[in-house]
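Novice: Position 18 of the sequence shown, counting from 1, maps to 18 under the UniProt record's numbering, and the rest follow consecutively.
By construction, the Cβ of each residue, glycine as well, lies at the ideal position given by its N, Cα and C atoms.
Treat the numbers as computed from the prediction; the structure is a model and nothing was measured.
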Amino acid sequence: MTIQFNYQHVSGSTELENYTKEKLQTIFDRYSWVTSADVFFRTENTSSDQTGMIAEIRLSAPGPRLFAEESTETFHGSVNKVVDQLKTQCEKRKATIITHS
1 MTIQFNYQHV SGSTELENYT KEKLQTIFDR YSWVTSADVF FRTENTSSDQ TGMIAEIRLS
61 APGPRLFAEE STETFHGSVN KVVDQLKTQC EKRKATIITH S
C-alpha cells in the first residue's frame, strides 16, 4: 500500500495524514487489488461556511482509476465522505471483477 499526500494552499499535518491512512486502511484490507492512493488536500474560498476544505482521493486499481472528492467545513469530514464514496465504488468494481473472472 502506497499513499502519496499533496497539499495545495494548506500546510501539512501529520495528524491528518495518520487519520486518512487509518480510514484508507479499511479499503486496502478489504480490496487487495487496490495498490495505491493519491490524496490531495486543498482549500477554496466559498460562499458557504460549511464547505471549502476539500479532500480528493484517487485509488489505483485494475481498470479505470477510482476517484472521489468532497468539500465540507473540516478536512476530517471531507475524508470520511470521500472514503465512503470510494468504498461504494470499490464494491461496484469488485462485482465487475468477479463477473468477468
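What do you reckon, are the CB atoms on Met53 and Glu22 nearer than 8 Å?
Specialist: Translated into positions along the sequence shown, residue 53 becomes position 53. Translated into positions along the sequence shown, residue 22 becomes position 22. In this structure, Glu22 does not lie closer than 8 Å to Met53 by Cβ.
Novice: How about Val34 and Leu59: are their beta carbons less than 8 Å apart?
Specialist: Here residue 34 corresponds to residue number 34 of the sequence shown, with the count starting at 1. Here residue 59 corresponds to residue number 59 of the sequence shown, with the count starting at 1. Yes, the pair counts as a contact, with Cβ atoms nearer than the cut-off.
Novice: Looking only at C-alpha atoms, which of Ser71, Pro64 and Ile98 sits nearest to Ser48?
Specialist: Stepping through the sequence shown from its first residue, residue 48 is reached at position 48. Nearest of Ser71, Pro64 and Ile98 to Ser48, Cα basis: Ser71.
Novice: Which first and last residues belong to the beta strand (DSSP E) in which Thr31 is found?
Specialist: The residue you call residue 31 lines up with position 31 of the sequence shown. Correcting the residue identity first, residue 31 is Tyr in this sequence and not Thr. Unbroken run through Tyr31: none, as it is neither H nor E.
Novice: Give me whichever residues DSSP pairs with Met1 in a beta bridge.
Specialist: For the purposes of this step, residue 1 is identified with residue 1 of the sequence shown, where counting begins at 1. Met1 pairs with nothing; no bridge assigned.
Novice: Just to check my reading of the structure: Leu24 and Ala37 have Cβ atoms closer than 8 Å, yes? What is that Cβ distance to the nearest angstrom?
Specialist: By 1-based counting over the sequence shown, the position of residue 24 is 24. By 1-based counting over the sequence shown, the position of residue 37 is 37. Contact flag correct, Cβ pair sits at about 6 Å.
Novice: Nearest-angstrom Cα distance between Met1 and Cys90?
Specialist: Indexing the sequence shown from 1 puts residue 1 at position 1. Indexing the sequence shown from 1 puts residue 90 at position 90. The alpha-carbon atoms of Met1 and Cys90 are separated by roughly 16 Å.
Novice: Taking DSSP's pairing of strands, which residues face Leu24 in a bridge?
Specialist: Reading the sequence shown from its first residue, position 24 is the one you call residue 24. Its beta-bridge partners do not exist; DSSP assigns none.
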